[in-house]
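Remarks on the structure that follows.
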Amino acid sequence: MALDLSCSRNIKELPHGTEQLGNLRRLNISNTMITILPSGLMSALTLLEELLTSNALVFQIPQPPTSSEFSIDEIISSSTLSSLEVDFWYFDLYDLYTKSGHWVQLDEFEFNVGPGEIQEVSEKRSVIFLGISIARGVMIPANTTELKFVDCHDVTELTTCLLHVEKLKKCNVVCCYSVENIVDPGKNELSTVETLVLRFLINLQMICKEVVTPSTLLSLKIINVECCPNLKNLFSGNLLLQLLNLEEIKVSHCNSMDELVRWGGDNIQAAKILLPKLQKLRLEFMPKLKEIYSEFMSIGSPCTVHVLSCDALKRLPFDLDDAVGLHQQLLEIRGTKYWWDSLEWDEPAVKQIMQAYFLELPMVSDQVGSSSTAGRRHM
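Residue numbers (full-length UniProt numbering): 1 to 379.
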């Protein structure tokens, strides 16, 4: 039996007699105005497996509750729950719940921690921190698969928060103004992360500290970086050499970025980098970007290269051998005609091969979030 009251904004309390529904297995009050659940509800609903309260008003008041009100302890005491969605407006409530270890029994959970705007998630086990202090120490369920940090301004290093998170697949860090780096391999290699999104991190200096271990970002498939004004490089060459699962790179509005991939010291010969699964390389609105990579890259799958308003970029990192291979895989290169005509080529034959796959984009103004997909091929 299920009781679904979700998205009924005129509902302010549970229907009378809900606690008498002994066969109830699913209760959904998400997106309602319900502020209070009756005390003893969980002990009465002995078969309840799913409790969904996201974007309702439950737990948006300080604890402890009155004797007639539902408390987080009732959830902790439930042995039947397998799916739980809760908005913890107060960190102390979240801390109380996670330290109880109740989350171990859950197959699915979504925890929004803090009073910020609710975020969309796609994974089954997610935690979102919204505008709260986490530098003092925060416990994150070890089986969390998606994490978001939004407006958390007191953390400088992401991996400090993730020491015991073992199955993380997606990680978003947005508007966390003190973050200086994301990965410190000495603490956490983020070896299971497949999607990494970094937006509006005004003090971000580097993605990964200089020391790279074999497992650092080993599973990474998608990286999306936007509006990080102090970031000069995305990856070191040593790191990119081992990111063989990388499928999509998107970087925009990083005004200090001058080289997407930086190999290392001045006296170290750069190596050719193989990206066998790369499908999209999108670079937008970076006026100082001069190079993608000083040496050559080899792409082993059909790939779209999109460059917009990166007028200082004069070279693509493909040699003649790669151009022939890319020609066979229908590579598409998108950019303005002004940019295309300004490119410099190590070998003229490369441009001749690439020309058939150039798709002209119109000139656009520098606006965050702007994009254009219109274009035409030049044969």
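From the three backbone atoms N, C-alpha and C, an ideal C-beta is built for every residue, glycine too.
- With contacts defined by Cβ atoms closer than 9 Å, ILE134 and ASP87 do not form a contacting pair.
- Of the residues assessed, SER342 falls on the exposed side of the cut-off, its CB having fewer than 16 other CB atoms within 10 angstroms.
- Listed in chain order, the beta strand (DSSP E) runs fully inside the segment 138 to 223 are 146 to 150, 170 to 174, 181 to 183, 195 to 199 and 206 to 208, counting runs of at least 3 residues.
- Spatial neighbours of ILE132 in its own chain (CB-CB distance under 7 Å, excluding positions within 5 residues in sequence) are listed in chain order as PHE91, VAL113, GLY114 and CYS152.
- For LEU27, the secondary structure class from DSSP, reduced to helix, strand or coil, is strand.
- Counting every other CB atom within 10 Å of its CB across the protein chains shown gives LEU289 a total of 16 or more, marking it as buried.
- Distance from the Cα of PHE285 is smallest, within the candidate group HIS253, LEU198, GLU146 and LYS272, for HIS253.
- With contacts defined by Cβ atoms closer than 9 Å, CYS175 and LEU147 do not form a contacting pair.
- Going by C-alpha positions, LEU278 is about 27 Å away from VAL165.
- Listed in chain order, the non-local C-beta contacts of ASP4 below 6 Å within the same chain comprise ASN28, local neighbours out to five positions each way being set aside.
- By the C-beta density criterion, GLY335 is buried, having at least 16 other C-beta atoms within 10 angstroms.
- 9 Å or more divides the Cβ of ASP346 from the Cβ of ASP321.
- Taking 8 Å as the upper bound for CB-CB distance, SER6 and ASN31 are in contact here, some 5 Å apart.
- Taking a C-beta distance under 9 Å as the contact criterion, ILE222 and LEU198 do not qualify as a contact pair.
- Between LEU316 and ILE333, the CB-CB gap stays under 9 Å.
- The DSSP-derived three-state label of ALA349 is helix.
- Residue pairing from DSSP places LYS280 in a beta bridge opposite GLU248 and THR304.
- Per DSSP, reduced to three states, the secondary structure at MET1 is coil, with no helix or strand assignment.
- Burial check for ASN10: the Cβ neighbour count within 10 Å stays below 16, so the residue is exposed.
- Proximity to TYR97 across GLU108, PRO287, LEU52 and ILE140 peaks at ILE140, based on C-alpha coordinates.
- Between LEU163 and ASN188, the beta carbon gap of about 6 Å places them in contact (Cβ cut-off 8 Å).
- As far as DSSP is concerned, PRO317 takes part in no beta bridge.
- No Cβ-Cβ contact shorter than 9 Å links ASP154 with SER126.
- Boundaries of the alpha helix (DSSP H) around ILE75: 72 to 76.
- Secondary structure note for ASP87: its beta strand (DSSP E) is the uninterrupted segment 83 to 88.
- For LEU130, the enclosing beta strand (DSSP E) begins and ends at 125 to 130.
- Here ILE182 is not near GLU210, since their CB atoms are 9 Å or more apart.
- Each of ASP311, LYS351, MET354 and LEU196 was checked against the Cα of MET363, and the nearest Cα belongs to ASP311.
- Taking the C-beta atoms as reference points, LEU48 is found nearer than 9 Å to LEU81.
- An exposed status is given to PRO214, since fewer than 16 other beta-carbon atoms sit within 10 Å of its beta-carbon.
- Rounded to whole angstroms, GLN205 and LEU57 show a C-alpha spacing of 39 Å.
- Going by DSSP, MET42 is part of the alpha helix (DSSP H) stretching over 41 to 44.
- Take ILE299, set aside five residues on each side of it, and the residues of its chain with a beta-carbon closer than 6 Å to its own are LEU275 and LEU278, in chain order.
- Apart from sequence neighbours up to five positions away, the residues of its chain that approach SER8 with a beta-carbon distance below 6 Å are THR32, ordered along the chain.
- Annotation for GLY335: the continuous beta strand (DSSP E) segment containing it runs 332 to 335.
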